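Residue numbers (our numbering), protein chains in the order written: chain A, 7 to 224; chain B, 29 to 808.
Ideal Cβ placement from N, Cα and C applies to all residues, glycine included.
If you're wondering where the values come from, they're calculated on a predicted model, not measured in any experiment.
Working notes, structure below.
In structure tokens:
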């Protein structure tokens, strides 16, 4: 199998745009050029003083289950945030995770929500449903100062960044297992023009569609 | 080998050959078709087998996949609960029939192995399967330690891959049996794996597997074409299909095989039926061939028998076979031929036995009939009736008339003879056999016939005198066989023809045709050469001077064994055989020598020598006479040649030329036996003759026969008038002698004076003084 980690390409594509000085836009595309959603971009300043002014307040993260799909696919969670799994389907779901940061298991009747759960340590917990193999959800637990998730247009913009050097981490659930973490150093001028970083990721197919239709008649 | 057998053999061999050819053709075509069918079947089976294998492997993989989703297992894996993992893997492995289960982490290292606790941390050898497993459960046939395994790899999803489970399911004989049971896979299958380059080991067999794989692979290698393999004398078509990835060194192959013998088995009843049919066909064909051959050869054998009968002379041809075919035609032809041959033979036999011109029996038939009669009768007479004038009639009137005359004579003779059978035994001769007849009766019968034939044959205005004569030979006196009787009757007839008496009975004493004559001729020649002949001299008395002034030399032959041979017995024969010329030469020489001697004594003696017709045909005669005269110094007029009239009759012109030449030399010529022949004076005038010798028949009775006296007187007178001297022969008494002297005959010769004398006797005789010799001085 071809495993492509175009790190060199990613660096090469980095450039400084003529936008507002404090902003950084990261654009993620797959190797077909399509914008990639659900990519989590983490920006860690070298200088802890360059963090955001205010820590975000704990927020309840609701992972809905609808049409045998976890919504959202990737959920950014701050350590300590209450996490609730809600079953909006009319089937049962057996939500589990064997993640090192938090192993849990909920059997949710239709319409039922789990009791709120908190994850203290940063990390990634892959959540599945033991009944429905194609239901996958990622809980991206991080206490990084800047943390954002791409939407359908594949872009994230960090505004008002202070001048300084930042470590830019890019993660996506469909990166090939064993792929080294994508980290890039980004230097912000503070008052300079806005920067745009374009990254191209080689992604596995969406595991949620991994239904062997050849062997299925339903 | 007879026709029947050959035909039968031909039929049978042809049938057998055709059948054998057909059989081999059918066998070859069937075999090829079966091979082609086997190749198709093998290729299909191989494809099916591979497909089945894929199918089974897919299902097994799915099962493994399902196992991998077991929550507890995944939990154990996620929590690295090793003992749980091992036991769960074992448990699940049993469910899918795996011999060995492995857990592999995302780094492709073995995390747990159900059969090998030491394998942890080692790299999983089939990483390509893991690559595929990221997409879907993957499976491959792999050789591990000389065994074949399906290695099935599935990811462990929780819900993303956290590792892989590998199941190794042995592909072995039980598996093949299971596949066979469940999905009707090939039974005649072997699985092999490479031991090393070009060596293969069988690792699994189907229930009906035949050990063809190693043989096939070692001979052909791995090829995707079916090939023929022979095992224990049986033919198999085998095809090897590689089951694993082709880029691996060790390989696993399935060898499928197709038994030609089994494929041919359904044809065995056909072969059996064919053999039975062939045997039946041969028996029926043989029988039929024999029958047909008999149908052909029987009539041919009958025809052969008919032909043999015809060859033996039996022409009563058997009835033609009533068949419409060629043999029928042949038999009709045979019948026709036999009939025709029979008729021809009858005709030939008739012709062989009969004279065509007259329809009378011929000599052969006559002799045959006489032979038959001789067997029955003790006595008999054969009469040979000669129509002496017939050659003359042929020359003047032709053969037709002559034949009619012959027929006429035959009819009359038949009438007279009554029971005697008449045949034609020669051109001019009829024969009549009279059985049981004695001499007297035969002579009487002969005269009766002659009387009946006295009447001339008449036809239109023609009257022909037949002038017959009869010779008689008597049985048993004159011959015991038919041919001898015929011969002797003809001899008698010949005698009769030349004499006044028209009937003569055979006389052996006078028969000039006896067989000893031939040897006589040889002896004669011998005698001439050895000078065993003697010339005797019969004196001629000059009737005026009463002296002897001439002699006739006569040949005398004293044969060494037979004694005295009469001149009649050899002179005529010598004439016939041509030896007369030598005899004449000898006589001339001897006579000339004697004449010379007498002349030297002073005797006037003319020596006469007889000359025959043959001598006169010799143009050389005058020259030889000249030589003789010269040799002996004898004047020509001292020599006289005596010739008979008949000697000149043959070839008158040539004879006359010779005579004239002789006469011109001064040699005297005399006509002998004058008066009994056909010659006339007119004819005589043409010959240069000086002397006539009156035949002794006129002289013998001259003493008392007035008629003869007149004749002799007339001849003498006439001769003298014509200038001939006249000599009388056969003077036997004084009456004749005196009469001759009286009528003026010149010379007399005969027993009255003397018989022919040898020279010394002649000397004594003339010394006797009764008849003195004329002497030269006297003549002068």
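Closer than 9 angstroms to chain B by CB, residue i
i: residue 184/A; result: yes
i: residue 154/A; result: no
i: residue 134/A; result: yes
i: residue 102/A; result: yes
i: residue 207/A; result: no
i: residue 11/A; result: Legend: pLDDT at residue 11/A = 42, less than 50; position of this residue unreliable, value from coordinates given subsequently. For residue 11/A, the answer is no, since every Cβ of chain B falls outside 9 angstroms of its Cβ.
i: residue 210/A; result: yes
i: residue 179/A; result: yes
i: residue 109/A; result: yes
Residue range of the unbroken beta strand (DSSP E) whose run includes residue i
i: residue 191/A; result: 188 to 194
i: residue 251/B; result: It is not in any beta strand (DSSP E) - residue 251/B carries neither H nor E in the DSSP assignment.
i: residue 430/B; result: From DSSP, residue 430/B is part of no beta strand (DSSP E) but of the alpha helix (DSSP H) over 427 to 445.
i: residue 32/A; result: 30 to 36
i: residue 15/B; result: Outside the shown range of chain B (29 to 808) lies residue 15/B, about which nothing can therefore be said.
i: residue 592/B; result: 591 to 593
i: residue 134/A; result: 129 to 135
i: residue 671/B; result: 667 to 672
i: residue 170/B; result: 166 to 172
i: residue 492/B; result: 490 to 492
i: residue 67/A; result: 67 to 72
i: residue 164/A; result: 161 to 164
i: residue 724/B; result: Looking at the DSSP string, residue 724/B is not in any beta strand (DSSP E); the run it does join, the alpha helix (DSSP H), is 724 to 727.
i: residue 152/A; result: 152 to 155
i: residue 92/A; result: 88 to 93
Best match in the options for proximity to residue i [C-alpha to C-alpha]
i: residue 70/B; options: 269/B, 565/B and 174/B; result: 269/B
i: residue 573/B; options: 185/B, 112/B, 774/B and 174/B; result: 774/B
i: residue 95/A; options: 69/A, 178/A and 117/A; result: 117/A
i: residue 296/B; options: 54/B, 397/B, 359/B and 422/B; result: 54/B
i: residue 103/A; options: 139/A, 72/A, 51/A and 173/A; result: 139/A
i: residue 384/B; options: 432/B, 219/B and 309/B; result: 432/B
i: residue 81/B; options: 180/B, 617/B and 487/B; result: 180/B
i: residue 233/B; options: 94/B, 638/B and 198/B; result: 198/B
i: residue 127/B; options: 547/B, 200/B, 659/B and 67/B; result: 200/B
i: residue 459/B; options: 255/B, 72/B and 415/B; result: 415/B
i: residue 92/B; options: 196/B, 504/B, 57/B and 646/B; result: 196/B
i: residue 380/B; options: 46/B, 371/B and 393/B; result: 393/B
i: residue 373/B; options: 96/B, 350/B and 338/B; result: 338/B
Under 9 angstroms by beta carbon: chain B residues contacting residue i
i: residue 141/A; result: 187
Within chain A, partners of residue i - CB distance below 7 angstroms
i: residue 27/B; result: No statement about residue 27/B is possible, as the shown extent of chain B runs from 29 to 808 and does not include it.
Proximity below 9 angstroms, CB of residue i to CB of residue j
i: residue 148/B; j: residue 159/B; result: no
i: residue 174/A; j: residue 29/A; result: no
i: residue 578/B; j: residue 473/B; result: no
i: residue 163/A; j: residue 31/A; result: yes
i: residue 45/A; j: residue 201/A; result: no
i: residue 87/A; j: residue 130/A; result: no
i: residue 676/B; j: residue 649/B; result: no
i: residue 398/B; j: residue 461/B; result: yes
Under 8 angstroms from the C-beta of residue i: neighbouring residues of chain B
i: residue 213/A; result: 185, 187 and 188
Cutoff 9 angstroms: residue i Cβ touching any chain A Cβ
i: residue 135/B; result: yes
i: residue 103/B; result: yes
i: residue 123/B; result: no
i: residue 107/B; result: yes
i: residue 157/B; result: no
i: residue 162/B; result: yes
Start and end residues, alpha helix (DSSP H) containing residue i
i: residue 67/B; result: 31 to 96
i: residue 318/B; result: 296 to 340
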